[in-house]
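Chemist:
Residue numbers (our numbering): 20 to 86.
1) Output needed for residue 34: all residues of its chain with C-beta closer than 7 Å, excluding positions within five of it in sequence on either side, in chain order.
2) Hey, would you say residue 70 sits closer than 8 Å to residue 58, going by beta carbons?
3) With DSSP run on the structure shown, which of helix, strand or coil describes residue 59?
4) Within this structure, are the beta carbons of residue 67 and residue 60 separated by less than 8 Å?
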């Protein structure tokens, strides 16, 4: 029960205040990363090496486009 909220409100004003951090769905959002430099292109093995982090886990397909 790591993400169980416990008590989320107070006795006064008897409601949950706006902006309260709570557990929600994480993942399925489209993320764009800009200004990533291409370090190496290996056409034999179909590998494109970039400098820095890219979203997603290993084996995830990425859409690469020009700015």
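Glycine is no exception: its CB is placed at the ideal position from the N, C-alpha and C atoms.
Modeler: According to the data block:
1) Within its own chain, the residues whose Cβ lies closer than 7 Å to the Cβ of residue 34, once the five positions on either side in sequence are excluded, are 28, listed in chain order.
2) yes
3) strand
4) yes
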